[in-house]
Amino acid sequence: MDINQEFTKVDDVSQDLLDVFLEPYKENCKYLQKAQIQYPPTNHSLDKTKSHNQGLWFIKANFFIPESCYITDTGHFNSVEFNICYNQLFYILIAYLVDNNLLEVMKDWDLEIYKRRQLSDILIVHFSSTFKKPINSKSFQGTLSINKASARSELIMLKTSCAFYDNNGGLSQGDVTIAILNRQSEQILNGDRESVVA
């Protein structure tokens, strides 16, 4: 993904949203410190004419890993930490999009539904990562973009890309496909609300 892409609008993610959706993590595993949602120049939630290099939605965040939560300090950002940081970026991006009703395929979700299903119904179906140059885990940034969103029956599919980098040229990148279980019975909070239609 292009970590130098220009954006027309940047919006800080509130601390309240961070607190709620990073709550499942133990304190020493809350690596994401603050985040911003970035709006690309022509942002249409499901514009199929976009090239595969331009995402639909972007999040950028600052990370700090004081010490490894599972192994003696390796001195650099590793594959397990990549996965944890990706998850935190993804959870916060989806929380923001749901809260602001910006993602068409999740238009019938709200934060209550999302919080209840955050861990149980969001699944990684494809994950690949590359490590170009070691990253300083004490201070680095990460970005994630949703590149394609689709829904059918009771399944939402999101294709995403991510990158982590530091000020010394450290770089790691990845591509991740996410499946979200979308049971329609969970969507109806009021009798007059419509279910997601595939």
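In terms of this note's numbering, the sequence shown is residues 95 to 292.
For each residue, glycine too, the CB sits at the ideal point set by N, CA and C.
{"Asked": "Candidates 186, 199, 121: closest to residue 242 by CA position", "Found": "199"}
{"Asked": "For residue 101, the three-state DSSP class (helix, strand or coil)", "Found": "coil"}
{"Asked": "Candidates 204, 99, 261, 236, of which the one nearest residue 177 by Cα", "Found": "236"}
{"Asked": "Residue(s) in a DSSP beta bridge with residue 133", "Found": "103"}
{"Asked": "Three CB pairs or more closer than 8 Å across the stretch 156-164 and the stretch 200-218", "Found": "no"}
{"Asked": "Inter-residue spacing [alpha-carbon to alpha-carbon] between residue 271 and residue 221", "Found": "7 Å"}
{"Asked": "For residue 235, three-class secondary structure by DSSP", "Found": "strand"}
{"Asked": "Sub-8 Å separation of residue 186 and residue 111 beta-carbons", "Found": "yes"}
{"Asked": "Endpoints, the beta strand (DSSP E) within which residue 154 is located", "Found": "151-157"}
{"Asked": "Cβ-based burial, residue 164 [other Cβ within 10 Å; buried from 16]", "Found": "exposed"}
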